[in-house]
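J.: Please read through the structure below; I'll follow up with questions.
Number of protein chains: 2
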Amino acid sequence: MSLDNRRLGSKGDTAFANMDKISCELFVMTYGALVTQLIKDLKDIDEVNSKLEEMGYSIGCRLIDEFLSKSQTRNCKNFHTTCEMIAKVGLKMFLGVEGNIRKSTPTNNVANTSSFSTSMTTSVSTSNLGTATPSSTSDDISNCYILEIPNNPLNDFVELPSQFKNKLIYSNILCGVIRGALEMVQLKVNCKFTTCKLKDDDCDRIQIELEEILEDVFEDDD
Amino acid sequence: MSLDNRRLGSKGDTAFANMDKISCELFVMTYGALVTQLIKDLKDIDEVNSKLEEMGYSIGCRLIDEFLSKSQTRNCKNFHTTCEMIAKVGLKMFLGVEGNIRKSTPTNNVANTSSFSTSMTTSVSTSNLGTATPSSTSDDISNCYILEIPNNPLNDFVELPSQFKNKLIYSNILCGVIRGALEMVQLKVNCKFTTCKLKDDDCDRIQIELEEILEDVFEDDD
Chain E
212 MSLDNRRLGS KGDTAFANMD KISCELFVMT YGALVTQLIK DLKDIDEVNS KLEEMGYSIG
272 CRLIDEFLSK SQTRNCKNFH TTCEMIAKVG LKMFLGVEGN IRKSTPTNNV ANTSSFSTSM
332 TTSVSTSNLG TATPSSTSDD ISNCYILEIP NNPLNDFVEL PSQFKNKLIY SNILCGVIRG
392 ALEMVQLKVN CKFTTCKLKD DDCDRIQIEL EEILEDVFED DD
Chain L
212 MSLDNRRLGS KGDTAFANMD KISCELFVMT YGALVTQLIK DLKDIDEVNS KLEEMGYSIG
272 CRLIDEFLSK SQTRNCKNFH TTCEMIAKVG LKMFLGVEGN IRKSTPTNNV ANTSSFSTSM
332 TTSVSTSNLG TATPSSTSDD ISNCYILEIP NNPLNDFVEL PSQFKNKLIY SNILCGVIRG
392 ALEMVQLKVN CKFTTCKLKD DDCDRIQIEL EEILEDVFED DD
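So this is what it looks like as structure tokens:
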């Protein structure tokens, strides 16, 4: 593990220690009740997947404030660091587990996003977030990463009936949370599960692809 | 605080320390998404209240195993001790907060429940649970208690729109959890919110009334 990763891991541990916490089991069961309810209501599994993502998006838009204030995070110099921050600090803070990231191949054409600095500041004021300025042009930096979550707690105690196994994206709320949180720091991303333990894969993996760096909109009161 | 309460409080702290935990904020927001979804789907607020209780019941029936194994709880000698256990150990283990209990006036007629011993053992085998044997006849023991939850985390960040304020029992899932968990140890109870901070009361209060001590059903394999 690199020094940077160890530093981020320790930051994640500290942030998690400072959070109000509840039993993981209660959360997992409540989430299970939510998914079951959506299946009953919506019937169509694609709609359930979309609904979970949409719910996650709203949650992510709100959770980013807590993340910024509790993680003491400063600017991320590129998309790689942003994804490392999600894996080592964000996941730890909110789910109590760590993830890993690795470079992936983008599936969409993305313009003008190779280098930037996302202002993940400790301020929660929107006007301080997301100023995009060039900072790195390393060839190593990609616009697309895979976030591996070896121990996704949402999977605990869950076994999918065979008719849902290859259709339901059970933890899709997480894709929404990441998308919503990053949009609040001016990063429009596309997130999707590529593998999932509940489908008998070895690990949960979410592909996070940067689509666009959004422009800050400043409103002038004068 | 009595010596018994301090002992139970310390038991709750230890059990909570041994639990896998996640961020309270993520849980609270996910729960909020669940309630919002139910309101959209069911329209009728009474149905939403019932649905939340019903979901809680299923969760409680499963959480009792975790409670018994992690809390190292032995027999509760009467209903008062059972309610203390919920307030000081159960709430702490799963929600990270403590409650208080006080005697209340039953609203239903309840037969033959004045004294018992619920086997809250560390075993999770159903056959070891809930043998009712007389153990106390103190006049101090009631069949009805109020569980006060001064800091119910489910209320965090929630403000009810005025049209829901006096109708929606926002945390009704908790009544279901208590009812489900106690039914697994042979205690049939009726639970209902009597006050709620979201309705501008000073504190959340749940009335827990013992309705019946269920008979153990032993299945003979021979």
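Here the protein sequences come in this chain order: E and L. The first sequence begins at 212 in the numbering used here and counts up by one. The second sequence begins at 212 in the numbering used here and counts up by one. Note that CB positions come from ideal geometry on N, CA and C, so glycine has one too.
Can you tell me whether K281/E is buried or exposed, with buried defined as 16 or more other CB within 10 angstroms of its CB?
T.: buried
J.: What is the rounded straight-line gap between the Cα of T284/L and the Cα of P361/L?
T.: 24 Å
J.: What residues of chain L sit near Y242/E, judged by a beta carbon separation below 8 Å?
T.: T241
J.: Excluding sequence positions up to five away, which residues of its chain have a Cβ less than 6 Å from the Cβ of S334/E?
T.: With a pLDDT of only 36 at S334/E, under 50, the local geometry of the prediction cannot be trusted, and the value read off the model is given with reservation. Nothing listed; no residue qualifies.
J.: Is the separation between the beta-carbon of I419/E and that of C294/E shorter than 9 Å?
T.: yes
J.: Note down, in chain order, every chain L residue with its Cβ under 7 Å from the Cβ of S234/E.
T.: Residues of chain L passing the Cβ test: M230, K232, M304, F305.
J.: Mapping the DSSP letters down to three states, classify S336/E as helix, strand or coil.
T.: Caution applies to S336/E, whose pLDDT of 35 falls short of 50 and renders its modelled position unreliable; the model cannot decide the point.
J.: Quick test of your reading: V239/E and D367/E, contact by CB under 8 Å. State the CB separation rounded to the nearest angstrom.
T.: Contact flag correct, Cβ pair sits at about 5 Å.
J.: What alpha helix (DSSP H) runs, 4 residues minimum, are completely inside the stretch 348 to 393 of chain E?
T.: 373 to 376
J.: Between G223/L and L279/L, what straight-line distance do the alpha-carbon atoms span, to the nearest angstrom?
T.: So the two alpha carbons sit approximately 12 Å from each other.
J.: For Q418/E, which residues does DSSP report across the bridge?
T.: Q418/E is bridged to I357/E, K403/E.
J.: Out of D255/E, A392/E, A298/E, A244/E, point me to the one whose CA is closest to L219/E's CA.
T.: Residue A298/E is the option with its Cα nearest to L219/E.
J.: Give the interface partners of R390/L over in chain E, defined as CB-CB distance under 8 Å, in chain order.
T.: Chain E residues near R390/L: none, gap ~15 Å exceeds 8 Å.
J.: Please list, in chain order, all residues of the same chain as C407/E whose beta carbon is under 6 Å from its beta carbon, the five residues on each side excluded.
T.: D415
J.: Any idea if A228/L is buried or exposed, counting beta-carbon neighbours within 10 angstroms, 16 or more meaning buried?
T.: exposed
J.: Return the residue from the list C386/L, K232/L, N377/L that minimises the CA-CA distance to I357/L.
T.: C386/L
J.: Can you tell me whether DSSP reads N323/E as helix, strand or coil?
T.: In this prediction, N323/E has a pLDDT of 49, which is less than 50 and means its spatial position is unreliable; what the coordinates show is noted afterwards. In the structure shown, N323/E falls within a coil segment according to DSSP collapsed to helix, strand and coil.
J.: Name, going along the chain, the residues of the stretch 268 to 284 of chain E whose beta-carbon falls closer than 8 Å to a beta-carbon of chain L.
T.: Taking 8 Å as the cut-off between beta carbons, the residues of the stretch 268 to 284 of chain E near chain L are S269, I270, R273, L274, E277, in sequence order.
J.: Return the bridge partner residues of E423/E from the DSSP annotation.
T.: According to DSSP, which records beta bridges pairwise, E423/E is partnered with K399/E.
J.: Identify the residues that DSSP records as bridge partners of S234/E: which are they?
T.: K232/L
J.: From N323/L to V369/E, what distance separates their C-alpha atoms?
T.: Unreliable placement is indicated for N323/L, whose pLDDT of 49 sits below 50; the coordinate value is still reported in the next sentence. N323/L and V369/E: Cα-Cα distance of roughly 40 Å.
J.: Rank E359/L, K314/L, K232/L, T241/L by C-alpha distance to the C-alpha of L421/L and give the top, closest one.
T.: K314/L
J.: Quick one: is L263/E buried, meaning 16 or more other Cβ sit within 10 Å of its Cβ, or exposed?
T.: That one is buried.
J.: Going by C-alpha distance, which of F290/L, P364/L, G267/L is nearest I384/L?
T.: G267/L
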